[in-house]
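In what follows, a single structure is set out as structure tokens and then discussed.
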Amino acid sequence: MLIPIQITSKAEAEIKHIMQHKNIPAEYFLRVGVKGGGCGGMSYALGFDKPKPEDQQFEISGIPVLIEKKHYMFLMGMQIDFFEGEEARGFTFVNPDIPKRHDQ
1 MLIPIQITSK AEAEIKHIMQ HKNIPAEYFL RVGVKGGGCG GMSYALGFDK PKPEDQQFEI
61 SGIPVLIEKK HYMFLMGMQI DFFEGEEARG FTFVNPDIPK RHDQ
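Numbering of the sequence shown is given in UniProt numbering, commencing with residue 1 and proceeding in unit increments.
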């Protein structure tokens, strides 16, 4: 099956660091999903979890990844990145196929 997401090298390094240093059990996978809907739109979710029967399992850059089957189409083409700035740091979800808007 086609892997619907990409993980940048910055995000890969941070995920592997978390898995190694934050007491994540070895049998856990990185879970990528969506939540919400309605007026607020969708938000993306990352966490660590054990596989469930409704999950698709992938390996991306040595990271075991779970995506619930019903979330698959919403994640198609998404790229997970990691941003670290002076005031904020965290994971971001970007669709590189959608051009960035440049307001004038």
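Don't be surprised by glycine CBs; every beta carbon is placed ideally from N, CA and C.
As the structure is a computational prediction, the values presented were derived from the model and not from experiment.
CA nearest to the CA of residue i, picked from the options
i	options	result
P25	I5, H17, D49, S43	D49
R31	I7, S43, L66, E84	L66
I18	G41, M76, L46	L46
F74	F93, N23, I60	F93
G33	M76, M1, I60	M76
Within 9 Å, strictly: CB atoms of residue i and residue j
i	j	result
K16	G62	yes
I80	A13	no
E54	K69	yes
Q20	M78	no
Q56	Y72	yes
M42	K35	yes
P64	F29	yes
Three-way DSSP call (helix, strand, coil) for residue i in this model
i	result
L46	strand
E14	helix
M19	helix
M1	coil
P96	coil
E84	strand
L30	strand
Q104	Here Q104 scores only 46 on pLDDT, less than 50, and its place in the model should not be relied on; the value that follows carries that caveat. It is coil, neither helix nor strand.
M78	strand
Inter-residue CB distance, residue i and residue j (contact presumed, cutoff 8 Å)
i	j	result
H8	F82	It is Thr, not His, that sits at residue 8 in the sequence shown. About 7 Å; that satisfies the 8 Å criterion.
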